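Chains A and B, in that order, are what the protein sequence lines are. Under this note's numbering, the first residue of the first sequence is numbered 1, with each subsequent residue one higher. Under this note's numbering, the first residue of the second sequence is numbered 1, with each subsequent residue one higher. All residues carry an ideal CB built from backbone N, CA and C; glycine is no exception. Just so you know, these numbers come straight off a predicted model, no measurement behind them. Working notes, beginning with the structure itself.
Protein chains: 2
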Amino acid sequence: MSRKVNINSCNVCAYKSFLFSSLHAKDLTRVNLTKKEMEYDQGEVVIRQGEKINKFMYLKSGLLKISQDIGTVGNQFIGLATPLDFIGLLSVFSQENYQYTITAVEPSSMCHIELELMKEIVKRDGTFALKLLEKMSSMNEAILRNRLQINRRNLRGRIAYILLYFCREVYQSNKFVLPVSRKEIGELINMRTENVIRILSEFRKDKIIDISGKEITILDTGRIQQICDFG
Amino acid sequence: MSRKVNINSCNVCAYKSFLFSSLHAKDLTRVNLTKKEMEYDQGEVVIRQGEKINKFMYLKSGLLKISQDIGTVGNQFIGLATPLDFIGLLSVFSQENYQYTITAVEPSSMCHIELELMKEIVKRDGTFALKLLEKMSSMNEAILRNRLQINRRNLRGRIAYILLYFCREVYQSNKFVLPVSRKEIGELINMRTENVIRILSEFRKDKIIDISGKEITILDTGRIQQICDFG
DNA sequence: GTTGCAATATGATATATATCAATAATGTTA
DNA sequence: TAACATTATTGATATATATCATATTGCAAC
Numbered sequence: 001m002s003r004k005v006n007i008n009s010c011n012v013c014a015y016k017s018f019l020f021s022s023l024h025a026k027d028l029t030r031v032n033l034t035k036k037e038m039e040y041d042q043g044e045v046v047i048r049q050g051e052k053i054n055k056f057m058y059l060k061s062g063l064l065k066i067s068q069d070i071g072t073v074g075n076q077f078i079g080l081a082t083p084l085d086f087i088g089l090l091s092v093f094s095q096e097n098y099q100y101t102i103t104a105v106e107p108s109s110m111c112h113i114e115l116e117l118m119k120e121i122v123k124r125d126g127t128f129a130l131k132l133l134e135k136m137s138s139m140n141e142a143i144l145r146n147r148l149q150i151n152r153r154n155l156r157g158r159i160a161y162i163l164l165y166f167c168r169e170v171y172q173s174n175k176f177v178l179p180v181s182r183k184e185i186g187e188l189i190n191m192r193t194e195n196v197i198r199i200l201s202e203f204r205k206d207k208i209i210d211i212s213g214k215e216i217t218i219l220d221t222g223r224i225q226q227i228c229d230f231g
Numbered sequence: 001m002s003r004k005v006n007i008n009s010c011n012v013c014a015y016k017s018f019l020f021s022s023l024h025a026k027d028l029t030r031v032n033l034t035k036k037e038m039e040y041d042q043g044e045v046v047i048r049q050g051e052k053i054n055k056f057m058y059l060k061s062g063l064l065k066i067s068q069d070i071g072t073v074g075n076q077f078i079g080l081a082t083p084l085d086f087i088g089l090l091s092v093f094s095q096e097n098y099q100y101t102i103t104a105v106e107p108s109s110m111c112h113i114e115l116e117l118m119k120e121i122v123k124r125d126g127t128f129a130l131k132l133l134e135k136m137s138s139m140n141e142a143i144l145r146n147r148l149q150i151n152r153r154n155l156r157g158r159i160a161y162i163l164l165y166f167c168r169e170v171y172q173s174n175k176f177v178l179p180v181s182r183k184e185i186g187e188l189i190n191m192r193t194e195n196v197i198r199i200l201s202e203f204r205k206d207k208i209i210d211i212s213g214k215e216i217t218i219l220d221t222g223r224i225q226q227i228c229d230f231g
């Protein structure tokens, strides 16, 4: 179950410099006093699609899954959020309710700030506003770029792409434990579970990767990059 | 060729209320004095991928194509911009150079404002900053939603989706002239030209639409909605 | 007008991907 | 530990989509 944890001062937060460095002392104090730091277990839902947006949240540690219910058809897995990412991403400043469901796929710790307070600060502190614009803009661009990249590849290319994504963007290591099931990977890169499994097996047979359950080791980065680039 | 046109005062611009309503008189005057209103012919390139970003632009009238060169593979057609949309969309506040190429697919008129001036105003005027955050956020969300919608449909569903998109979002009419070739439609919804043509022909044979060159008339909205919804 | 070229169109075929079926492995609960 | 459910795996087959070939139409340059 999610729980509130001991609050560290924003002044010593590793992420202060990322976004809040320009904040006036008075505003930083207000953020400091009202913010909540929450921890979530693996598998726990952080935000449920449709809920009212009243917090500005960002991920301090862990890994989140961003997805969307699409009726009977199933589930669209849109992307992952890694530390420093803002949650609510697209909709925070433009919608009343969350358009996406956010789930912790690894134990995660998040910082919650009242959205009203954030809006107030944006209105008062233009330098902060500009910084926020930059961050949101680049996050949105990254998500869109990812989707475009995935969808113009064939199945082998998609698997290669997502493996390199985990390797480089999420774990910074050639060896990592997949945070989601094969089925979910399929939902993320728009293909069937069976084909996810099949192509992973192919890569294993070709000695491009090693598989042990959810643990993947990339053995031949050059080859997998090639498959990613040329289908 | 693109050309600068007579400048109307921002005060009488139909779009003032959309974004600039909260601006202080002094700032509005500065925008008014430095802005450029430009017109572009059909087919003309407005922004070339890689160019330095130094303008904040928005579309006053016409229709723009947003696309991306992807090496030898061809061209990714990302989406359309309709009046009131900001151009540079994602990258304006986060990148040095444009990531996308923008082309006028109909005669278009745009307003150019120096990006430095915009940033200055954002810094000084928090209410404006918040409004800008909202607009960018909702624009980004719309683009991403479109991409997700397109990519989870089969070919017939994609054609139905894009026809309804033109009908509802662009032309507000059951009868419209396609602003792009069949090839470009294929690039937009990730399918081959031949299949775009084939499925349009199918729809024509089934009396769902009428085709005359680039002119499309949607005859049976219910049926096409059904195809869009259920594949 | 004619020439050349791109866009549209249609059919036949090859390829990629999904679906179906069956089993094995793994994790979860009583 | 047994019983069950979920996930992973593999093979066979059906379906969707791309590719290739060829013709036609429309359009711009000369």
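Around the beta carbon of THR103 (chain A), a 10 Å sphere encloses 16 or more other beta carbons of the protein chains shown; the residue is thus reported as buried. According to DSSP, residue pairing for LEU80 (chain A) in a beta bridge involves A:LYS65. Against chain A, the CB of GLU215 (chain B) has no partner CB under 8 angstroms away; the residue lies outside that interface. In this structure the stretch 20 to 30 of chain B touches the stretch 122 to 135 of chain B; the number of beta carbon pairs closer than 8 angstroms is three or more. With respect to the C-alpha of ILE227 (chain B), the residue from B:VAL45, B:LEU155 and B:LYS65 having the closest C-alpha is B:LEU155. Within chain A, LEU148 and ARG152 have C-beta atoms less than 7 angstroms from the C-beta of GLN76 (chain B), given in sequence order. As far as DSSP is concerned, ARG124 (chain B) takes part in no beta bridge.
Taking all protein chains shown into account, GLY43 (chain A) has fewer than 16 neighbouring C-beta atoms within 10 Å of its C-beta and is therefore exposed.
With respect to the 8 angstroms criterion, VAL177 (chain A) and GLU215 (chain A) are classified as neighbours on the basis of their beta carbons. By the neighbour-count criterion, in which a residue is buried when 16 or more other Cβ atoms sit within 10 angstroms of its Cβ, GLU116 (chain A) is exposed. One Cα belongs to ASP229 (chain B), the other to ILE162 (chain A), and the distance between them is close to 28 angstroms. PHE203 (chain A): not part of any beta strand (DSSP E); member of the alpha helix (DSSP H) spanning 193 to 205, first to last residue. Residue nearest to GLN68 (chain A) within the set A:LEU144, A:GLY157, A:GLY50 and A:SER21 is A:GLY50 (criterion: CA-CA distance).
For LYS36 (chain A), the enclosing beta strand (DSSP E) starts and ends at 36 to 40. CA-CA distance, ASP41 (chain B) to ASN146 (chain A), rounds to 32 angstroms. In this structure, DSSP gives LYS135 (chain A) a helical state, which the three-state scheme calls helix. Here PHE86 (chain A) is bridged, per DSSP, to A:TYR58.
The C-alpha of ASP206 (chain A) lies about 10 angstroms from the C-alpha of ASP220 (chain A). For TYR15 (chain A) against LYS55 (chain A), the beta-carbon gap comes to about 16 angstroms, at or over 8 angstroms, which does not count as contact.
In this chain, PHE20 (chain B) is not harboured by any alpha helix (DSSP H), its DSSP state being neither H nor E.
Residue-level contact by beta carbon fails for ASN97 (chain A) and chain B, as no gap is shorter than 8 angstroms. Per DSSP, the unbroken alpha helix (DSSP H) holding CYS228 (chain A) starts and ends at 221 to 230.
Assignment of PHE166 (chain B) by DSSP, reduced to helix, strand and coil, places it in the helix class. For GLU184 (chain A), the enclosing alpha helix (DSSP H) has its first and last residue at 182 to 188. Annotation: VAL122 (chain A) to LEU132 (chain B) spans about 11 angstroms, alpha carbon to alpha carbon. Only exposed fits LEU33 (chain B), as fewer than 16 other CB atoms lie within 10 angstroms of its CB. Using beta-carbon distances, ASP210 (chain A) does not count as an interface residue toward chain B, since no partner is under 8 angstroms.
Under a 10 Å Cβ-count criterion, SER137 (chain A) is classified as buried, with 16 or more other Cβ atoms of the shown protein chains found around its own Cβ. Interface residue (Cβ-Cβ distance to chain A less than 8 angstroms): SER181 (chain B) is not classified as such. Residue-level contact by beta carbon fails for ASP85 (chain B) and chain A, as no gap is shorter than 8 angstroms.
By the neighbour-count definition (other C-beta atoms within 10 Å, threshold 16), PHE20 (chain B) is a buried residue. Using a CB distance below 9 angstroms, the part of the stretch 126 to 140 of chain A facing chain B consists of GLY126, THR127, PHE128, ALA129, LEU130, LEU132, LEU133, GLU134, LYS135, MET136, SER137, SER138, MET139 and ASN140, ordered along the chain. Taking ILE189 (chain B) as the centre and dropping the five residues before and after it, the same chain places the C-beta of ILE150, ARG158 and ILE162 closer than 6 angstroms to its C-beta, in chain order. For VAL92 (chain B), the nearest CB of chain A lies under 8 angstroms from its own CB, placing it at the interface with that chain. Bridge partners of THR29 (chain B) according to DSSP: none are assigned. Note on geometry: alpha-carbon atoms of LYS135 (chain B) and ILE199 (chain A) lie some 41 angstroms from one another.
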